[in-house]
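K.L.:
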Amino acid sequence: MSSPIRTETEDGVRSIILARPEQYNTITPELRTALAAAIDEADADPEVRVMLLRADGPAFCAGYGLDWSTEYQATAEAEAGWDSAQDYRMMSRFVEVYLKLWYAAKPTIAAVHGWCVAGGTDMVLCADLIVAADSAVFGYPPARVWGTPTTAMWVYRIGFEQAKRYLLTGDEIPAATAERIGLIAERVADDDLPARSLELAKRMARLPGNQLEMIKLLCNQTVENMGFASSRTLGTLLDGVARHTSEGRAFVARATEAGFRQAVRERDDPFGDYGSRPKE
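My numbering puts the first residue of the sequence shown at 107, with every later residue one more than the last.
#1: Using the beta-carbon count (16 or more within 10 Å), is valine 259 buried or exposed?
#2: Do methionine 229 and isoleucine 133 have their C-beta atoms within less than 9 Å of each other?
#3: For threonine 362 and threonine 115, which I take to be in contact (beta-carbon distance under 8 Å), what is that distance rounded to the nearest angstrom?
#4: Just tell me which of Asp117, Gly245, Asn326 and Leu137 has its CA closest to the CA of serine 108.
#5: Please state if the CB of aspartate 193 and the CB of glycine 387 are separated by a distance shorter than 9 Å.
#6: Would you check if the stretch 295–309 and the stretch 117–136 touch, i.e. whether three or more CB-CB distances between them fall below 8 Å?
#7: Cβ atoms of valine 251 and phenylalanine 357: under 9 Å apart, would you say?
#8: Around the C-beta of arginine 195, are 16 or more other C-beta atoms found within 10 angstroms, so that it is buried, or is it exposed?
#9: Can you grab the Cα-Cα spacing for the pair proline 376 / tyrosine 272, in whole Å?
#10: Answer yes if the stretch 152–159 comes into contact with the stretch 214–232, meaning at least three C-beta pairs across the two stretches below 8 Å, and no otherwise.
#11: Short of 8 Å in beta carbon distance, which residues of its chain neighbour glycine 171, apart from the five on each side in sequence? Order them along the chain.
#12: If we ignore side chains and look at the alpha-carbon of each, how far apart do alanine 242 and lysine 385 end up?
#13: Excluding the 5 residues preceding and the 5 following arginine 112 in the sequence, name in chain order all residues of the same chain whose CB lies nearer than 6 Å to its CB.
#14: Quick one: using the 10 Å Cβ neighbour count with 16 as the cut-off for buried, is phenylalanine 200 buried or exposed?
#15: Let's test the definition: count the other Cβ atoms within 10 Å of the Cβ of cysteine 325 and tell me whether it reaches 16, buried, or not, exposed.
#16: Helix, strand or coil: which one does DSSP assign to arginine 338?
#17: Starting from cysteine 222, follow the beta strand (DSSP E) in both directions and report where the run begins and ends.
#18: Roughly how far, in whole angstroms, is the beta-carbon of glycine 220 from the beta-carbon of proline 280, given that I think they are within contact range, below 8 Å?
#19: Once DSSP output is grouped into helix, strand and coil, what is the label at alanine 311?
#20: Exposed or buried, which one is lysine 270 when buried takes at least 16 other CB atoms within 10 Å?
#21: What did DSSP end up calling proline 135 once you bin it into helix, strand or coil?
#22: By DSSP's criteria, tyrosine 130 is part of a beta bridge. Which residues make up the other side?
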């Protein structure tokens, strides 16, 4: 089985690439483990000053793989029931990996194209900066049923009003809107994304490594002082609660009966966005 992550290094920049293109780079336990190792390795490498997270295929990350995650909830908990503490520990293992992008001493940039939704946003919003292609679409559709943002980064990145606007509807956020509300640092043409994101990473890598580390720590500490640790603890805990409400259990039952793609379509059809957007 090929690795779900591959890496490249150029001029002080370590590219960490999500490499499950046929599956839209959906998150699995295997991807989680490989991503953690890649971030740790880059952070420890004295030749690396900046990390660039990008992805193969048509999408950056379409969230958690609902094939394994809905099956996990439907089967693993069938006999023993839901143990909230165990659920929290399970989800925390994913959250701790995304936070490596945040807590890594070295700056992290994400280059996003196509879908970056649901659990994909839990991951990417932990990067220090996001450069997005025109094709990028962000959003947290599980806010409609079956989840809450575990890393709880939304308010910190786009403010109180905009976070509520998009989390209380689950609406998609096209790249142009993401740029307007400050969710991303830059928006570029799809063809320009690889070169522009690498150019920005190399520009950062011109600074002394100690300067990069100190400036990142200084900026991130402001968010820490605003209660980031308690916010993500609550987000991770409530995610488990949201997956086990009557509506959350019904979503899993429907996914088991009709397939997770159909369950997602039925969730999003009334809103007419994401995969339920009418074809032009």
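Glycine included, each C-beta is placed from N, C-alpha and C at the ideal position.
P.N.:
Based on what the coordinates show:
#1: Counted from its first residue, the sequence shown places residue 259 at position 153. The sequence shown places methionine at residue 259, rather than the valine named in the question. Methionine 259 should be labelled buried.
#2: One-based indexing of the sequence shown puts residue 229 at position 123. One-based indexing of the sequence shown puts residue 133 at position 27. Yes, the pair counts as a contact, with Cβ atoms nearer than the cut-off.
#3: As a working mapping, residue 362 is identified with position 256 in the sequence shown. As a working mapping, residue 115 is identified with position 9 in the sequence shown. Wrong, their Cβ atoms sit about 43 Å apart, outside the cutoff.
#4: Position 2 of the sequence shown, counted from the first residue, corresponds to residue 108. It is Leu137.
#5: No answer is possible for residue 387: the residues shown for the chain start at 107 and end at 386.
#6: yes
#7: As a working mapping, residue 357 is identified with position 251 in the sequence shown. As a working mapping, residue 251 is identified with position 145 in the sequence shown. A contact, by the Cβ cut-off of 9 Å.
#8: For the purposes of this step, residue 195 is taken as the residue at position 89 of the sequence shown. Result: exposed.
#9: The count along the sequence shown starts at 1 and reaches residue 376 at position 270. The count along the sequence shown starts at 1 and reaches residue 272 at position 166. Distance between the alpha carbons of proline 376 and tyrosine 272: 16 Å.
#10: yes
#11: In the sequence shown, residue 171 corresponds to position 65, counting from 1. Contacts found: Gln129, Thr132, Ile133 and Thr134.
#12: Indexing the sequence shown from 1 puts residue 242 at position 136. Indexing the sequence shown from 1 puts residue 385 at position 279. Rounded to the nearest angstrom, the two C-alpha atoms are 17 Å apart.
#13: Here residue 112 corresponds to residue number 6 of the sequence shown, with the count starting at 1. Excluding positions up to five away in sequence, the list reads Ile123 and Ala125.
#14: In the sequence shown, residue 200 corresponds to position 94, counting from 1. By the neighbour-count rule (16 or more Cβ atoms within 10 Å), phenylalanine 200 is buried.
#15: Here the question's residue 325 lines up with position 219 in the sequence shown. With fewer than 16 other Cβ atoms within 10 Å, it is exposed.
#16: Start at 1 with the first residue of the sequence shown, and residue 338 comes out as number 232. Of the three classes helix, strand and coil, the one that applies to arginine 338 here is helix, per DSSP.
#17: The count along the sequence shown starts at 1 and reaches residue 222 at position 116. 221–223 is the extent of the beta strand (DSSP E) around cysteine 222.
#18: The residue given as residue 220 occupies position 114 in the sequence shown. The residue given as residue 280 occupies position 174 in the sequence shown. No, glycine 220 and proline 280 are not in contact; Cβ-Cβ is about 12 Å, not under 8 Å.
#19: By 1-based counting over the sequence shown, the position of residue 311 is 205. Helix at alanine 311.
#20: Start at 1 with the first residue of the sequence shown, and residue 270 comes out as number 164. Exposed, by the Cβ-count rule.
#21: Taking the sequence shown and counting its residues from 1, the one referred to as residue 135 is at position 29. In this structure, proline 135 counts as helix in the three-state DSSP scheme.
#22: Position 24 of the sequence shown, counted from the first residue, corresponds to residue 130. Bridge partners of tyrosine 130: none, in fact.
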